[in-house]
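A.B. asks: Please find one structure pasted underneath; my questions will follow.
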Amino acid sequence: MSMTTKEVSEQTGIALPTCRKYAMILQINYIGEGRRKTYLWTEVDIERLKQSLGKRGRPPKDTATES
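When we follow the numbering used here, the leftmost residue of the sequence shown carries the number 6, and every step to the right adds one.
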């Protein structure tokens, strides 16, 4: 079953522009041309998206320091 980018965004809670960006990066299959492009996401593609986003940024500071 294929899902649109809007459906993927709603299901995962990831912003729509971020989903579109990663659709291009992950080379998701699409129909249409130019601005009217519709990406067709599969379950495997959604898992790849989640793995690509993963944990980002600096880890939290260690608040338990020894004196």
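Idealized CB from N, CA, C, for every residue including glycine.
Mind checking whether Ile33 and Asp50 have CB atoms under 8 Å apart?
C.D. replies: Yes. Within cutoff.
A.B. asks: Measuring only the C-alpha atoms, how far is Gly62 from Gly18?
C.D. replies: Computed Cα separation, rounded: 19 Å.
A.B. asks: Quickly, what does DSSP pair Met8 with across the bridge? List them, please.
C.D. replies: Partner(s): Trp46.
A.B. asks: Taking the C-alpha atoms as reference points, what is the distance between Arg48 and Ala20?
C.D. replies: Per the sequence shown, residue 48 should be read as Glu rather than Arg. Going from the Cα of Glu48 to the Cα of Ala20 covers about 18 Å.
A.B. asks: Nearest CA to the CA of Gln56: which residue from Met8, Lys42, Leu31 and Thr10?
C.D. replies: The shortest C-alpha separation from Gln56 is found at Leu31.
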